[in-house]
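Shown next, in structure tokens, is the structure this report addresses.
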Ligand SMILES: C[S@@+](CC[C@H](N)C(=O)[O-])C[C@H]1O[C@@H](n2cnc3c(N)ncnc32)[C@H](O)[C@@H]1O
């Protein structure tokens, strides 16, 4: 895959526009890094809020909950362990942009007081969503995706795992460090509390000091951004923990079985190719690669890309990290032990997963990257899992899926139609075309697909398996084939 999109034409105006876009993206990325860095403080504030409520109790009720102070202490240890993991992940991240770019002067005004930045190479827009409650708290499959200031605009491809089991070659993502921390809470927490919890449980964590030396790179971010970090932690369980196996069996297994059946004679010398738009944390793409496909995951969220890159490229052993994904919800727990239980990640060593050469993750908006005419007829298979409802216009997705498939290629889809831009009550109206399943199928037929299989699959999405609340999706699962002659 080539690098960034070409800027059309020359001229000063275009150069200025391009610089502005880059500045916006740097600011957007700084905001995401800041959200990750804010995680410990925000989580600590949650514990303090619980403590304040506890202190308001009458003595008799307090006495009934004499174990609560111990729970608060344990919660802090869990936060510290999660922070330690996040910190290691950020340290490994090598931004594909010059993070020291003077954003303030490239763009007049500070976008980040109130604004979400969504910047694309070929079109750049600023979307606003007030930080004061317009944006819904993320839940399940909408988690962190309803608002996408995190979007990767620069197309950004990274080769990932090398099949010989060595550390990965990674041009863009790993092996770097990010400068720019912060008031100190983060590192201090680690140093003081790791002895109890994090260092003990995170096996290969280095205790060396880090280079978060430039506080000017950190931004104040709204709590909704930190919520996305919590969502990512839950996504890690879905993709990279033994606890997520049930969910993966519900979602990924039928897809893998279908691919296996549809491409029975995979030739190791000329493996079939498969694209996974909206690849999330990359497990499905990795499994498809291990099945014998040249697989590319596509993902536009830096939140996701930073994390998947770390797990794919920097993991040294199974269960290298211990995180506490469920601590942030005090609701629907059967016991404190359930809420505070550790989860080891990753459940497999990506480098030993037997991937097929050519596995990659491509950062960028699906429409921007694959809508490019150079992508036409490139893929034998497209797999979308909990993805198609992320579209502003689902028909545009279907049209592009059809275009990038080879004639006779297959599209396997699994997911609901929980349109991500529906119910967005931000200041700017976002386009959101919300079709029924029936209309989605009609659009697919129009773009030259014919149905081969269709059924419903019941599944959860990033759900705590031990919670008293289990949101179940009745997800559509289909295989469609692109007919040889279809509208272009
Ligand atoms: C609901 S998640 C599903 C992730 C993964 N497929 C899974 O099943 O766990 C949807 C993913 O699509 C990504 N996404 C949304 N819109 C996108 C776009 N236009 N281009 C690329 N990725 C996109 C989101 O960042 C998110 O990671």
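Numbering (the working numbering), first residue to last: 838 to 1325.
A virtual CB, placed ideally from N, CA and C, is assigned to each residue, including glycine.
In angstroms with no decimal places, state the Cα-to-Cα distance between residue 1256 and residue 892.
Walking along the chain shown from the start, residue 1256 turns up at place 419. Walking along the chain shown from the start, residue 892 turns up at place 55. Cα to Cα, the separation comes out at about 42 angstroms.
Give every residue of the same chain whose Cβ lies closer than 7 angstroms to the Cβ of residue 909, excluding the five residues on either side of it in the sequence, and list them in chain order.
By one-based count along the chain shown, residue 909 stands at place 72. So the list reads 884, 887, 888, once near-sequence residues are dropped.
Less than 6 angstroms between the CB of residue 1202 and some heavy atom of ligand 1, yes or no?
Taking the first residue of the chain shown as position 1, residue 1202 is located at position 365. The answer is yes for residue 1202.
Name the two residues that bound the continuous beta strand (DSSP E) containing residue 1180.
In the chain shown, counting from the first residue as 1, residue 1180 sits at position 343. Residue 1180 -> beta strand (DSSP E) spans 1180–1182.
Alpha carbon of residue 1026 to alpha carbon of residue 1221, nearest angstrom
As a first step, residue 1026 is located in the chain shown; it is residue number 189 there, counting from the start. As a first step, residue 1221 is located in the chain shown; it is residue number 384 there, counting from the start. Residue placement at residue 1026 is flagged as unreliable, the pLDDT there being 30, under the threshold of 50; a coordinate-derived value is accordingly withheld.
Under the three-state DSSP convention, the category residue 1227 falls into:
Taking the chain shown and counting its residues from 1, the one referred to as residue 1227 is at position 390. Correct three-state label for residue 1227: helix.
Given a cut-off of 7 angstroms on the beta-carbon distance, is the pair residue 1267 and residue 1258 in contact?
For the purposes of this step, residue 1267 is identified with residue 430 of the chain shown, where counting begins at 1. For the purposes of this step, residue 1258 is identified with residue 421 of the chain shown, where counting begins at 1. The beta carbons of residue 1267 and residue 1258 sit closer together than 7 angstroms.
Residue 906, DSSP secondary structure in three states:
Taking the first residue of the chain shown as position 1, residue 906 is located at position 69. When secondary structure is reduced to three states using DSSP, residue 906 falls in the helix class.
Of all the alpha helix (DSSP H) runs that stay within the bounds of the segment 847–894, which reach a length of 4 or more residues?
Assignment of alpha helix (DSSP H) within the segment 847–894, counting only whole runs of 4 or more residues, yields 849–892 in chain order.
Which residue marks the beginning of the beta strand (DSSP E) containing residue 1284, and which one marks its end?
Taking the first residue of the chain shown as position 1, residue 1284 is located at position 447. Unbroken run through residue 1284: none, as it is neither H nor E.
What is the DSSP secondary structure of residue 1163, reduced to helix, strand or coil?
Within the chain shown, the letter at position 326 stands for residue 1163. Note: residue 1163 maps to coil in three-state DSSP.
Mind listing, in chain order, the continuous alpha helix (DSSP H) runs of no fewer than 4 residues lying wholly within the segment 1102–1140?
The qualifying runs are 1120–1127.
Any heavy atom of ligand 1 closer than 6 angstroms to the beta-carbon of residue 1327?
Because the chain here runs from 838 to 1325, residue 1327 falls outside it and cannot be looked at.
From the DSSP output, which residues share a beta bridge with residue 1318?
On the chain shown, position 481 is the one that residue 1318 refers to. According to DSSP, residue 1318 bridges with 1247, 1287.
Comparing alpha-carbon positions, which option in 890, 1288, 1197, 1081 lies nearest residue 1317?
Indexing the chain shown from 1 puts residue 1317 at position 480. Closest in alpha carbon position to residue 1317, among 890, 1288, 1197, 1081, is 1288.
Within 7 angstroms, strictly: CB atoms of residue 1127 and residue 1185
One-based indexing of the chain shown puts residue 1127 at position 290. One-based indexing of the chain shown puts residue 1185 at position 348. Going by C-beta atoms, residue 1127 is not nearer than 7 angstroms to residue 1185.
Can you tell me whether residue 1227 sits near ligand 2, meaning its C-beta is under 6 angstroms from at least one heavy atom of the ligand?
For the structure depicted, ligand 2 is absent and the ligand set comprises only ligand 1.
Taking 8 angstroms as the threshold, find out whether the segment 1176–1190 comes into contact with the segment 1074–1081 through three or more Cβ pairs.
Under the Cβ criterion (8 angstroms, minimum of three pairs), the segment 1176–1190 counts as touching the segment 1074–1081.
Report, in whole angstroms, the separation of the C-beta atoms of residue 1245 and residue 1319, which I expect to be a contact under 8 angstroms.
On the chain shown, position 408 is the one that residue 1245 refers to. On the chain shown, position 482 is the one that residue 1319 refers to. Right, their Cβ atoms sit about 6 angstroms apart.
Could you tell me which of 1281, 1247, 1304 sits nearest to residue 1171, measuring between CA atoms?
As a working mapping, residue 1171 is identified with position 334 in the chain shown. For residue 1171, the closest of 1281, 1247, 1304 by C-alpha to C-alpha distance is 1304.
For residue 1296, list the residues DSSP reports as bridge partners.
In the chain shown, counting from the first residue as 1, residue 1296 sits at position 459. Looking at the DSSP assignment, residue 1296 forms a beta bridge with 1310.
Using a 10 Å radius around the Cβ and a threshold of 16 neighbouring Cβ atoms, would you call residue 1300 buried or exposed?
Stepping through the chain shown from its first residue, residue 1300 is reached at position 463. The residue in question, residue 1300, is buried, as its Cβ has 16 or more Cβ neighbours within 10 Å.
Rounded separation between residue 1188 and residue 920 - CA only
For this step, residue 1188 is matched to residue 351 along the chain shown. For this step, residue 920 is matched to residue 83 along the chain shown. Spanning the two alpha carbons is a distance of roughly 25 angstroms.
Put residue 1092 into one of helix, strand or coil per three-state DSSP.
To locate residue 1092, count along the chain shown from 1; it is residue 255. Under the three-state reduction of DSSP, residue 1092 is assigned to helix.
Going along the chain, which residues of its own chain have a beta-carbon closer than 6 angstroms to the beta-carbon of residue 1112, five neighbours each way excluded?
Position 275 of the chain shown, counted from the start, is the residue given in the question as residue 1112. Answer for residue 1112: 1133, 1216, 1219, listed in chain order.
Residue 1198 (DSSP reduced to helix, strand or coil):
Residue mapping note: residue 1198 aligns to position 361 of the chain shown, counting from 1. In this structure, DSSP gives residue 1198 an extended state, which the three-state scheme calls strand.
Report the rounded CA-to-CA distance for residue 1229 versus residue 1269, giving the unit in angstroms.
The count along the chain shown starts at 1 and reaches residue 1229 at position 392. The count along the chain shown starts at 1 and reaches residue 1269 at position 432. Near 5 angstroms, if we compare the C-alpha coordinates of residue 1269 and residue 1229.
Could you pull the start and end residues of the beta strand (DSSP E) that residue 1218 belongs to?
To locate residue 1218, count along the chain shown from 1; it is residue 381. Where residue 1218 is concerned, the enclosing beta strand (DSSP E) stretches over 1216–1222.
Report the option in 1254, 1278, 1227, 1210 whose CA atom is closest to the CA atom of residue 1248.
Locating residue 1248 in the chain shown gives position 411, counting from the first residue. That would be 1278, whose Cα lies nearest to the Cα of residue 1248.
Taking the alpha-carbon of residue 913 as reference, which of 877, 1169, 1060, 932 has the nearest alpha-carbon?
To locate residue 913, count along the chain shown from 1; it is residue 76. Looking from the CA of residue 913, the closest CA among 877, 1169, 1060, 932 belongs to 877.
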